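Numbering of the sequence shown is given in numbering that gives the first Met the number 0, commencing with residue 0 and proceeding in unit increments.
This report concerns only the one structure given below.
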Amino acid sequence: MNHGYDNQTICALATAVGGALAVIRLSGEVARETAQRLWRGRARLDRAHARRLMLGQLYDEKGVLLDQQCLAVYMPGPESYTGEDVVELHGHGGALPMRRALEALLRIGLRSALPGEFTRRAFLNGRLDLTQAEAVAEVISAESDAALALANRQLAGDLGNEVEAFHEQLQAILAEVESHLDFPDEELDWKPLEWLEDQIAGLQARLGKLSATRREGEVLREGVTLVIAGAPNVGKSSLLNRLLGRDRAIVSSIPGTTRDTVEAELVVRGIPLHLVDTAGIRASEDTVEADGMARAKDAIAVAELVLWLTDASSPETQVPWPGWPHRGTVLQVENKCDLARTQSCGEMPIRISVLTGEGLEALADAIETAVLGRRGGTTGTVAVSARHAALLDRVRAKLAEALPFLETSAWELAAIPLHDALDALGEITGRAVAPDLLDTIFHRFCIGK
Ligand code: GDP
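Written out as structure tokens, the structure is:
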């Protein structure tokens, strides 16, 4: 199947339009020669020294000056990012100069890179394994320092190395099993069954541990939607502002997407939280407010975390959690405890005062426990994605399948699930991987990456 990929030299703008600088990347056999056709400098690009910045001007193929001050660098394969010859042109930003240069490159024979194609080539040329390639996208999309640290560790190969170690251990197990098949009549120095059982049990434990990091991986990569809801005047906006102020979050509205109710992003204990606006929850006939309530109910139904706020200072007007349909955790929070010191709390909600800051650490603890199932911050080691976890679970199932065959010395039958298990591990790092899977992974990338 042709997936739109070939060996042509590709190019793309690697920077967002409008910045101070713009970078065009070229990768492939004729990267240097093609760039030279637009380049005038003291030194020729097609005879450039490796990895040395050069200064020159950029023209289009008809001789129109596009950028009076442009830097170029040539990075020869196989030691470049993609493993191919790479040229980068660093020019003035803004809308036009480098865009025109890119158009000229396309006119003189280069192909526009597909999303993630530079990184895809890096993977195909063995510069990165698949977990590292995935990490490249995650570095770019990281929304918290913990998510960034996780992505960087994965990019450094931490996850890939761990999976490779599993691969080696499994290969040793399989070699032992297959030696029974290959030399059934010889008295080889076979390892006892206990050795096989121990190896598999040890592997299962480590696979299980790695697979269990999935929740943390998901939370860090995707973040968690958090709805702050409750009757008017209980302090929802105040809490929101307090949380944002405390964590110095970037407040962003994201209009026109499915997330258009998201009001702000913030990070609590390393967990990226997408806050959802639920203004106007009130039992009312007023259509506007009824509309607001319907939206709040919708938001609560899908949120991973709901903070249901009540006002501790006016027990008579408290609106308790109405038990609306929800899929996530609902934390009941009593605010304004500064005004209700002697109040005892029936269902032991978390008591806070946004005004004085009391109880906010306990609230952060509760959020952390609700999201990660424990406290103490994100672990700081590797954490797998849903794709990795599914494959790890397949490996575990296959090992479990092999065990009874080993116990009955049915070596041939044992070898089959063990091979499947090896394949599944190989899919994580990309040792064995179908082009369709690569499409899925790399289409999430931006163009130029
Ligand atoms: P919302 O309608 O739920 O968003 O509530 P607001 O955040 O607008 O707060 C309503 C009022 O309660 C404001 O006057 C706040 O200053 C006040 N308020 C919020 N939190 C506290 C608190 O912890 N203690 C006290 N004493 N007042 C608070």
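No residue lacks a Cβ here, since even glycine has one placed at the ideal position from N, Cα and C.
Just so we're clear, the structure is a prediction, and the values are computed from it rather than from any experiment.
beta-carbon residue i near the ligand GDP non-hydrogen atom, thresh 8 angstroms
i: Thr-355; result: yes
i: Leu-338; result: yes
i: Ile-351; result: yes
i: Leu-362; result: no
i: Ala-103; result: no
i: Val-233; result: yes
i: Asn-334; result: yes
i: Ser-140; result: no
i: Ser-236; result: yes
i: Val-298; result: Residue identity check: residue 298 is Ala in the sequence provided, not Val. Not so, every heavy atom of the ligand GDP lies at least 8 angstroms from the Cβ.
i: Ser-312; result: yes
i: Ala-230; result: yes
i: Leu-308; result: yes
Alpha carbon of residue i to alpha carbon of residue j, nearest angstrom
i: Glu-357; j: Leu-238; result: 12 angstroms
i: Gly-115; j: Gln-131; result: 13 angstroms
i: Asn-232; j: Asp-310; result: 8 angstroms
i: Ile-299; j: Asp-337; result: 28 angstroms
i: Glu-196; j: Gly-76; result: 46 angstroms
i: Gly-93; j: Leu-20; result: 7 angstroms
i: Thr-439; j: Thr-328; result: 31 angstroms
i: Leu-158; j: Ser-352; result: 42 angstroms
i: Ile-270; j: Arg-214; result: 12 angstroms
i: Leu-371; j: Leu-242; result: 19 angstroms
i: Thr-256; j: Trp-307; result: Legend: pLDDT at Thr-256 = 29, less than 50; position of this residue unreliable, no value from coordinates given.
i: Lys-61; j: Ala-103; result: 9 angstroms
i: Phe-182; j: Gly-222; result: 53 angstroms
i: Glu-78; j: Glu-161; result: 24 angstroms
i: Gly-207; j: Glu-315; result: 50 angstroms
i: Leu-177; j: Gly-156; result: According to the sequence displayed, residue 177 carries Glu and not Leu. Near 30 angstroms, if we compare the C-alpha coordinates of Gly-156 and Glu-177.
i: Tyr-58; j: Arg-106; result: 13 angstroms
i: Gln-317; j: Arg-350; result: 14 angstroms
i: Leu-192; j: Asp-419; result: 21 angstroms
i: Ile-366; j: Glu-133; result: 28 angstroms
i: Val-266; j: Ser-143; result: 6 angstroms
i: Ala-449; j: Asp-5; result: Within the shown structure, residues of the chain are numbered from 0 to 448, placing residue 449 beyond reach of any answer.
i: Arg-24; j: Gln-170; result: 40 angstroms
i: Glu-264; j: Arg-126; result: 35 angstroms
i: Glu-175; j: Val-432; result: 26 angstroms
i: Gly-447; j: Leu-101; result: 12 angstroms
i: Ser-26; j: Glu-217; result: 33 angstroms
i: Phe-117; j: Gly-18; result: 21 angstroms
i: Glu-32; j: Cys-445; result: 26 angstroms
i: Arg-152; j: Asp-128; result: 13 angstroms
i: Leu-274; j: Asn-240; result: 11 angstroms
Sub-9 angstroms separation of residue i and residue j beta-carbons
i: Val-63; j: Tyr-73; result: no
i: Ala-146; j: Glu-137; result: yes
i: Lys-296; j: Trp-320; result: no
i: Leu-88; j: Val-16; result: no
i: Arg-374; j: Thr-368; result: yes
i: Gly-82; j: Ala-34; result: no
i: Leu-225; j: Leu-304; result: yes
i: Leu-173; j: Leu-421; result: yes
i: Cys-10; j: Ala-112; result: yes
i: Met-53; j: Leu-65; result: no
i: Ala-13; j: Ala-47; result: no
i: Phe-466; j: Ala-396; result: Since the first and last residues shown for the chain are 0 and 448, residue 466 lies out of range.
i: Gln-203; j: Ala-339; result: no
i: Leu-436; j: Arg-430; result: no
i: Ile-427; j: Leu-390; result: yes
i: Ser-384; j: His-179; result: no
i: Pro-348; j: Glu-360; result: no
i: Arg-220; j: Ser-312; result: no
i: Leu-354; j: Leu-330; result: no
i: Leu-154; j: Ala-382; result: no
i: Thr-8; j: Gly-90; result: no
i: Arg-268; j: Val-301; result: no
i: Lys-335; j: Gly-234; result: yes
i: Gly-55; j: Arg-39; result: yes
Inside the stretch 286 to 373 only - beta strand (DSSP E) runs reaching at least 3 residues: The qualifying runs are 304 to 310, 328 to 334.
Suppose only complete runs of 3+ residues qualify. What are the beta strand (DSSP E) ranges in the stretch 16 to 92, listed by chain order? Counting whole runs of 3 or more residues, the stretch 16 to 92 contains the beta strand (DSSP E) stretches 20 to 26, 38 to 40, 53 to 58, 64 to 74, 85 to 91.
Whole alpha helix (DSSP H) elements within the stretch 131 to 177, 4-residue minimum: Entirely contained in the stretch 131 to 177, the alpha helix (DSSP H) runs reaching 4 residues are, in chain order, 144 to 155.
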